[in-house]
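In my numbering, the protein residues as written are 193 to 510. For each residue, glycine too, the CB sits at the ideal point set by N, CA and C.
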Amino acid sequence: MPASFPPPACFVLSAKPAEKKKADTRVGGQAVIEGVMMRGRRFWALAVRKPDGTIYSQVKPLRSFLVRHPSWDKPFGRGIFILGESLALGWRALSLSADIALEEENQNRASGRKAFGTIEKAFSLIVAILLAVGLFIALPTWLGPLLVGRSSPVWAWNLVEGGIRIAIFIAYLALVSLSKEMRRVFEYHGAEHQSIHVWEKGEPLEPDAALREGTEHIRCGTAFILLVLVLTVLVYSFLGRPALWLRILERLAIIPLIAGVSYEIMRLADRRRSRLLKVIVVPGLALQKLTTRRPDREQAEVALTALRLLLAEEGRGE
């Protein structure tokens, strides 16, 4: 699979283990091509299954903005930085995994040029961003008033617009899940979640233990994106009805704020036993039926390799 389009929402923002002595340790992850990336506070690790069956792994330091500037690690603001760093690091890991997983194809190229060079990756990123803005911002914003009538109340505009946006998101996930390559990514997504589950519970980081776990996670990127889309319906209702181009700009500008609020809601839902918070994240957990698949033992081994490597480095760095 090319590195053209990153796996949709195949990441966990962060998670914490059960042991109090490790309370400051946080781990997030993302499924990549034939592998998994795990990130902590100070390092990130990548494990990828190579064409010859061996596992490529590496660990690198992570210069997190919030670690270097803890004064910014405050509610509602930190979510923006965490999401931004997760997307940037995820794209980097995705590109690297493509080179590793397609190593044989790259070597067989007569020209000696990689199947996906820097120019191709940059072009893919630009296309992905434009498609995301077009599909999830511009198109719903334009269609909303057309479907309910321009004389309808603003709340009706935004309700229909939000419904269109969520429908497009779900349809997109369902469509990409038909791809054999994306199903492999979704299996690694499930392996990533299972690995984090066993670590959170303090159980042995072994494939047998991981494979017994569920493939959903409360702080998965799928649930996060769905929560952001739902909250946009409420927030956009206060923005009035200016010209189309201004409505699009307003929606783009306010997304970081909505993302920050969404992150805090998911963080609370993970840490508190509030029924209301649990109910809020239920749709996101259900939607993960589309973005996760049960992995096999070899895929679980890859995810656990990345997690062990990260935890070992984080332990030495403390």
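- Under the three-pair Cβ rule at 8 Å, the region 372-389 does not count as touching the region 345-361.
- In the structure shown, S249 adopts extended strand secondary structure according to DSSP, grouped into three states.
- K393 and S429 have their alpha carbons spaced roughly 41 Å apart.
- By the Cβ criterion, the region 256-274 is in contact with the region 434-453, since at least three pairs of Cβ atoms, one from each stretch, lie closer than 8 Å.
- Annotated three-state conformation of F430 is coil, per DSSP.
- Taken atom to atom, the span from the alpha-carbon of R500 to that of V325 is near 37 Å.
- Within the region 269-294, the runs of alpha helix (DSSP H) that reach at least 4 residues and sit entirely inside it are, in chain order, 270-293.
- Approximately 6 Å separates the beta-carbon atoms of I446 and V427; this is inside 8 Å, confirming the contact.
- Rounded to whole angstroms, the Cβ separation of L502 and M230 is 4 Å, and the two are in contact under 8 Å.
- Cβ contact annotation for P399 (same chain, cutoff 8 Å, sequence separation greater than five): R489, A492, E493 and L496, in chain order.
- The count of Cβ pairs closer than 8 Å, one atom from the region 463-476 and one from the region 431-447, stays below three, leaving the stretches out of contact.
- H389 places its beta carbon 8 Å or farther from that of T483.
- Of the residues assessed, D244 falls on the exposed side of the cut-off, its CB having fewer than 16 other CB atoms within 10 angstroms.
- Assignment of beta-bridge partners to R241 by DSSP yields I247.
- R411 sits buried, since 16 or more C-beta atoms from the chains shown fall within 10 Å of its C-beta.
- Its chain contains no residue whose beta carbon lies nearer than 7 Å to that of L279 once the 5 sequence neighbours on both sides are disregarded.
- Taking 8 Å as the cut-off, the beta carbon of T414 is found no closer than this to the beta carbon of H385.
- Within the model, the alpha-carbon separation for R233 versus A348 is close to 43 Å.
- I225 sits away from S316, with the two beta carbons spaced by 8 Å or more.
- In this structure, R443 sits near T333, with a CB-CB distance shorter than 8 Å.
- The Cβ neighbour count for W264, taken over all protein chains shown within 10 Å, is under 16; the residue is labelled exposed.
- Closest in alpha carbon position to L365, among A383, S387 and L327, is L327.
- Look at the region 328-356 and you find these whole runs of alpha helix (DSSP H), each 4 residues long or longer: 331-340.
- Between A293 and L238 a beta carbon distance of about 11 Å is seen, past the 8 Å cut, so the two are scored as non-contacting.
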